[in-house]
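Protein chains in written order, with my numbering: chain A, 14 to 236; chain B, 14 to 236. We put the CB at the ideal spot given by N, CA and C, even for glycine. Predicted, not measured: the structure shown is a model, and the values here were computed from it. Everything on this sheet refers to the single structure shown next.
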DNA sequence: TTGACAACATACTCGGTAGTATGTCTACTT
DNA sequence: AAGTAGACATACTACCGAGTATGTTGTCAA
C-alpha cells in the first residue's frame, strides 16, 4: 500500500487520470488472484464497489483493461532501474543496482507485474485475436527492450571479467527468473518495513548475481 | 515425444490405463498452451481428434482431468529424483544430482509440469469449490513433500559447509525457480538431442547451486 | 435555468462452454 | 445368437460472462 505510494503518485502525473488509477489497481489485484481468463469484469467492479458501467466507460474491453495494467507495470520497471542505468560506475555495479531495483519493483508493484508475466505467457503460447495482437506485440517489445538494457550491461561486465556464463540467453532467463520470483511467492507480512523488503530483494539479487558468477554476490550470505 | 518415452512407458504400467494416457497427454498440451481456464474440453477433444464424450467417459469434470494431469506430473518428478535421493554420497553431491534430475524432468515432461505450476498458483489464489479443494490440497501436499526432500539434503549440505544462504525458505524458492524455469522458456529445437537437453539442465543446475553458494557450481561455466 | 456532457448504474442480449442424456457400434461372454 | 457392457459420438440444456443500449445524476458553462 504505502510501499508503492511514490511510484503510484508519479503515475498520477502521467497519462492516466485519477478515476482510472483505482480501476487499474483493483484490476491488477483481480488478475493476480484469479488470473486474466478467470477474472470477470464484474469481479473487478465488485472489488471497486461499483458496476461494469464504470469500467467500460474508460476501457473498451477486458483485454484493453488488461493491457493497460501490464503497460503501467512496465512503466514502473523502466522508472525503477532508470537511475542505476545512468549511473557512472563499472558495469558490474550498475548491473547489481539494476537487478536490485528491478527486484524491488517486483515486490512493490507485484500485482501489476503479475499481469506483465501473464501477458508474456499468452504471447509465448500464441493464442490471441488479431486485434489484441498488436497491443500484445507492443508489450512484448517493451519487455524485450527492457531485457536488452540488462543484456548490454551484462556483456560489459563479462568483458570486464566480473561475471561469466555459458549460453547468454539462458543466463538472462535464469537471472530474471530469480529476480522476478517474488511475483509469485512474496506476501507482505503485517508490520513489514521497507527495510524488510530490501532484505528480500537483496537476497534475490545476490542469488541472481552469484549464478552469473559474481564472486562478491556469492560471499554476501556471510554478512 | 521420444524424450519422455521411457517415463511415459513406466506410466503405462501404473494406475492409468492406455486409453486415458493419450487424453492426459493432449490435455497437458492444451493446459500449457492456453492455460487451464482458457482451455475448453472441446479443445482437448479436438486435439485428440475425437469429441467430449471420450473425455467425460473417463474424467468426471474439467477439474478432474486437470488434477489427473498435475498428479501424473508430480509422479514424474518423484520418479526422476528417486535414484539420486537414495544414493550413498555427500549431501552436496546428492543435491546436485537431484537438482539436475529435477530440471531434466521439467524439460522432458514440460506440459505436465506446467499444469502442476498452475495448480500451485490456483491454490495460492484460493478460489475453488470445496470438492476440488481436497484434491488441490493433496496436490499441494505432494508438492511440499517433494520440496521437503530437497530441504533435508540442503540442510545437510549446509552443515557440511558446502553451501550457505540467509533465509532458507527464500533460498529454496529461488533454487526451484531456477530449476523450474525451463517450464516457461524451453522449446524443443528441431534435431535436438538428449545431450542438448542435458546441457541446458546442467546450466540451470549450475546456476541454481551457485546461488546457494556452491563454489564448484560457480566454477563450472569455464568447462 | 437550461442544456450538454461526463461519470457512472441498470437492464438487457448473445455466444461460448461445462455438463448431461441418449444413441451407436464393437467386442466379448455364455 | 443373443445379451451385455465398455468406448465412444451426437444432441441437447443451462448458465455464465463479455459486451451493449439506455437510463440517471451531478456539474459546469453560457
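query: Any beta carbon of chain B sitting closer than 7 angstroms to that of residue 138 of chain A?; result: yes
query: Report the CB separation of residue 187 of chain B from residue 217 of chain A in whole angstroms; it is logged as a contact under 8 angstroms.; result: 6 angstroms
query: Does the beta-carbon distance from residue 57 of chain B to residue 125 of chain B come in below 7 angstroms?; result: no
query: Please tell me whether residue 223 of chain B and residue 166 of chain B are closer than 7 angstroms, where the distance is taken between their beta carbons.; result: no
query: Do you know how far the Cα of residue 112 of chain B is from the Cα of residue 189 of chain B?; result: 9 angstroms
query: Whose Cβ in chain A lies nearer than 7 angstroms to the Cβ of residue 186 of chain B?; result: 194, 198
query: List the endpoints of the continuous alpha helix (DSSP H) containing residue 200 of chain A.; result: It is not in any alpha helix (DSSP H) - residue 200 of chain A carries neither H nor E in the DSSP assignment.
query: Return the CA-CA distance between residue 183 of chain A and residue 153 of chain A, expressed in angstroms with no decimal places.; result: 18 angstroms
query: Using 8 angstroms as the Cβ pair cut-off and three pairs as the minimum, do the segment 202-220 of chain B and the segment 116-132 of chain B touch?; result: yes
query: What does residue 190 of chain A touch in chain B if you count any residue whose Cβ is under 7 angstroms from its own?; result: 190, 191, 194
query: Alpha carbon to alpha carbon, how far is residue 128 of chain B from residue 43 of chain B?; result: 10 angstroms
query: How big is the Cα-Cα spacing for residue 220 of chain B and residue 63 of chain A?; result: 47 angstroms
query: Just the C-alpha distance for residue 54 of chain B and residue 61 of chain B, rounded to the nearest angstrom, thanks.; result: 11 angstroms
query: At what residue ranges does the segment 157-233 of chain A contain a whole run of the alpha helix (DSSP H), taking only runs of 4 or more?; result: 181-193, 195-198, 207-224, 228-232
query: In chain order, what residues of the same chain lie with their CB nearer than 7 angstroms to the CB of residue 214 of chain A, ignoring the 5 residues before and after it?; result: 113, 116, 117, 120
query: Residue 110 of chain A and residue 97 of chain A - do their beta-carbons sit closer together than 7 angstroms?; result: yes
query: Could you check whether the Cβ of residue 50 of chain A sits closer than 7 angstroms to any Cβ belonging to chain B?; result: yes
query: Taking residue 73 of chain A as part of the alpha helix (DSSP H), name the residues at either end of that continuous run.; result: Neither: residue 73 of chain A is in no alpha helix (DSSP H) and is coded neither H nor E.
query: Counting only Cβ pairs nearer than 9 angstroms, list the residues of chain A close to residue 153 of chain B.; result: In chain order: nothing, as chain A lies at least about 13 angstroms away.
query: Is the separation between the beta-carbon of residue 87 of chain A and that of residue 155 of chain A shorter than 7 angstroms?; result: yes
query: For residue 62 of chain B, which of helix, strand or coil comes out of DSSP?; result: coil
query: Have a look at residue 160 of chain A and residue 90 of chain A and give me their C-alpha separation to the nearest angstrom.; result: 11 angstroms
query: Tell me whether the beta-carbon of residue 231 of chain B lies closer than 7 angstroms to the beta-carbon of residue 231 of chain A.; result: yes
query: If you measure between the beta carbons of residue 33 of chain B and residue 79 of chain B, is that distance less than 7 angstroms?; result: no
query: What does a CB cutoff of less than 6 angstroms around residue 193 of chain A pick up in its chain, not counting 5 residues either side in sequence?; result: 119
query: In the structure shown, what three-state DSSP assignment does residue 49 of chain B receive?; result: coil
query: What did DSSP end up calling residue 103 of chain B once you bin it into helix, strand or coil?; result: coil
query: By a C-beta neighbour count over all protein chains shown, 10 Å radius and 16 as the cutoff for buried, is residue 38 of chain B buried or exposed?; result: buried
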